[in-house]
Every structure is written in C-alpha cells, then in structure tokens.
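Visitor: Here's a structure for you.
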Amino acid sequence: MATLLTQHLRDVGETYTEHLGMASGFGLRLVVTGCACLVHGIFPFLFERTGSNMVRRLHAEMVRKRADTLHQDWVI
1142 MATLLTQHLR DVGETYTEHL GMASGFGLRL VVTGCACLVH GIFPFLFERT
1192 GSNMVRRLHA EMVRKRADTL HQDWVI
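Residue numbers (our numbering): 1142 to 1217.
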C-alpha cells in the first residue's frame, strides 16, 4: 500500500500535503459544480454553462500541472 501511495505522489511530483490540497480542491469544485448541475436540471435557465465551464477549467489545470511536472523531470 505504501508503495502505491509513494509511487503516485512521485508520478505527479507532489508531497502528500500538496496532493491532499490539490485533490481536495478539485473534489470540492466538482461537488459544487455537481450541485449546480442538479439545480440546472430542475431550472434549466440557471447555471446553463457552469458544468461544462468547470470541466474545461479543471482539465486545463490538470494538463498544465502535468506539463509542469514533466518539464521538471527534464531539467538537469
């Protein structure tokens, strides 16, 4: 189990605390966005683009973070 944890943290280039913060931040934003989507289902005129906008934003953030991590591996 410890190897799985340390391997993932190494892969993403984060300490445990950094990873906890990043994952929790993503999770919280997804929960809030999910609630907005549920409200949108009932009231289609509310939160029309909230879900798709947040998914795009989170994806871009994740891709950027991954690129930064990979770039750090290349620096000697």
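We treat Cβ as the ideally placed atom computed from N, Cα and C, and that holds for glycine.
Alpha helix (DSSP H) containing Arg1170: first to last residue?
Guide: Tyr1157 to Ile1183
Visitor: On a CA-only basis, which of Gly1168, Cys1178, Thr1210 and Thr1147 is nearest Glu1189? Give me that one, please.
Guide: Cys1178
Visitor: Taking only three categories from DSSP, how would you classify Arg1197?
Guide: helix
Visitor: Which residues mark the beginning and the end of the alpha helix (DSSP H) in which Arg1190 is found?
Guide: Secondary structure note for Arg1190: it is in no alpha helix (DSSP H), with a DSSP letter that is neither H nor E.
Visitor: Cβ of Thr1174 within 7 Å of Cβ of Met1195?
Guide: Annotated as proximal: Thr1174 and Met1195, with beta-carbon spacing under 7 Å.
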